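To keep things clear, I will list the structure first and then write my remarks on it.
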Amino acid sequence: MNTINKNNSTHSQHNAVSGDHSAAIKERNTAIEVSNLQFWYTKESPPIIDIKAWQVSQGEHVFLSGPSGSGKSTLLNLLCGTLTPTQGDIALLAQPFSALSNRQRDKFRARNIGVVFQQFNLIPYLSVAQNINAAVYFASTNVSKTASDAKLRHLLDKLQLSSHVLHAKADALSIGQQQRVAIARALINDPQLLIVDEPTSALDTDARDSFMSLLKDVAGESTMIFVSHDKAMESYFDRHCSMSELSPSKNHIKTRGDEAPKAQERA
Ligand SMILES: Nc1ncnc2c1ncn2[C@@H]1O[C@H](COP(=O)(O)OP(=O)(O)OP(=O)(O)O)[C@@H](O)[C@H]1O
Ligand SMILES: [Mg+2]
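Right, here's the structure in full:
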């Protein structure tokens, strides 16, 4: 594969992505550290992800943008361990995450990472309470039932979801309700890292603005990576990264709808 090694200038570009982010952030511990990360779905095409270096500090809320097909969801899947790097390393919360076994990664994810998927991924035939409590079960922490019920009530309140909704089946909810339940599920275990994939694409502008205010509020001190192709969302975030800066070899890969032949792309 002739597109593996990119020049090192991209490294400094990545670090510069944080722009005028304050010195205070630099003093915080690192939440995400990516080094020489490459990922292919199939070896016949250029890597979908090719990132020399990327760091996110604890507590940062990062807006990650890029066109459809640029690899945003793939990167998030690598960060939460549902995909494994083809090469390179991902460290999360100072742990060598990509070196863990599948089982260790599942456990780490359940305890430390809250994920809001692009399609929410609620289990349709379970109630809202069962969907959220499944996340508590998989984290298998020592938090008591009373404490986790209290946390759930607090989250529902913050997310402006009536407690009646707890008994509804997930597939009986509106899109907006599903989004908020997905966030409640992602936050129920107080994750240090919150990964949110394109959650606003089905919302109108007003609903999107109130959703973002809520999300920023409930995310609090968690580190958050928020993915969207909608640049209008940038204003909610103090750090912006684009897939073309992070993963420059993606410039070889045509986004959906582009008909250029693959041989040319890799020339
Ligand atoms: N399971 C898969 N097997 C093979 N190729 C895949 C798979 N999933 C995604 N891809 C390809 O990887 C590329 C990146 O896909 P990805 O879903 O990460 O993009 P994205 O930036 O999240 O796009 P969108 O904005 O539409 O959600 C695309 O070219 C896609 O076709
Ligand atoms: Mg996606």
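Counting from 1, one number per residue, gives the positions in the sequence shown under UniProt numbering. From the three backbone atoms N, C-alpha and C, an ideal C-beta is built for every residue, glycine too. Treat the numbers as computed from the prediction; the structure is a model and nothing was measured.
Check, Outcome
"Taking the Cβ atom as the reference point for each residue, do GLY81 and ARG103 lie within a distance shorter than 7 Å?", "no"
"Rank LEU126, SER228, ALA170 by C-alpha distance to the C-alpha of SER73 and give the top, closest one.", "SER228"
"Can you determine whether any heavy atom of ligand 2 sits closer than 6 Å to the C-beta of GLN87, and answer yes or no?", "no"
"Have a look at ALA135 and ASN112 and give me their C-alpha separation to the nearest angstrom.", "11 Å"
"Does GLY220 pass the burial test, meaning 16 or more other C-beta atoms within 10 Å, or should it be called exposed?", "exposed"
"What whole-angstrom Cβ distance do GLN87 and ASN36 have, given they're in contact under 8 Å?", "7 Å"
"Taking the alpha carbon of ASN29 as the reference point, which residue from VAL115, GLN95, LEU76, LEU159 has its own alpha carbon closest?", "GLN95"
"Taking 6 Å as the cut-off, is the beta-carbon of LYS43 closer than that to any non-hydrogen atom of ligand 2?", "no"
"Based on Cα-Cα distance, which residue from LEU100, VAL165, ALA110 lies nearest to SER140?", "ALA110"
"Between the C-alpha atoms of ALA184 and GLY176, what's the straight-line distance to the nearest angstrom?", "13 Å"
"When you compare each of VAL56, GLN55, GLU60, ILE48 to SER68 by their alpha carbons, which one comes out closest?", "ILE48"
"Please say whether LEU76 and ILE195 have beta carbons closer to each other than 7 Å?", "yes"
"To which residues of the same chain is SER127 closer than 8 Å at the C-beta, ignoring the five residues directly before and after it?", "LEU166, HIS167, ALA168, LYS169, ALA170"
"I'd like to know whether the C-beta atoms of ARG180 and GLU60 end up nearer to each other than 7 Å.", "no"
"In terms of alpha-carbon separation, which member of PRO199, LEU92, SER222, ARG208 lies closest to VAL116?", "PRO199"
"Relative to ligand 1, is the shortest distance from any of its heavy atoms to the C-beta of HIS61 smaller than 6 Å?", "no"
"Using 8 Å for Cβ pairs, my map puts MET243 next to GLY114. What's the rounded Cβ distance?", "Not confirmed; about 22 Å, so no contact."
"Consider the C-beta atom of GLN118 and the heavy atoms of ligand 2; say whether any pair is separated by less than 6 Å.", "yes"
"Is SER70 close to ligand 3? I mean its beta-carbon at under 6 Å from any heavy atom of the ligand.", "Ligands displayed in this structure: ligand 1 and ligand 2; ligand 3 is not among them."
"Within the same chain, show all residues whose beta-carbon is closer than 6 Å to that of HIS21, passing over the 5 residues directly before and after it, in chain order.", "Low confidence applies here, because HIS21 scores a pLDDT of 47, under 50, leaving its location unreliable and the question unanswered by this model."
"Compute the minimum distance between the beta carbon of HIS229 and the heavy atoms of ligand 1, and state whether it is under 6 Å.", "yes"
"Per DSSP, which residues does LYS43 bridge with? Please list them.", "Bridge partners of LYS43: none, in fact."
"Is any heavy atom of ligand 2 found at a distance shorter than 6 Å from the C-beta of SER222?", "no"
"If we call anything under 7 Å between Cβ atoms a contact, is residue 328 one with PRO85?", "In the structure displayed, the chain extends from 1 to 267; residue 328 sits before or after that span and is not available."
"Within the segment 149–235, note down every full beta strand (DSSP E) run reaching 3 residues or more, in order along the chain.", "193–197, 223–227"
"Give me whichever residues DSSP pairs with LEU37 in a beta bridge.", "ILE51"
"Given that a residue counts as buried once 16 or more other Cβ atoms are within 10 Å of its Cβ, and exposed if not, what is ALA232?", "exposed"
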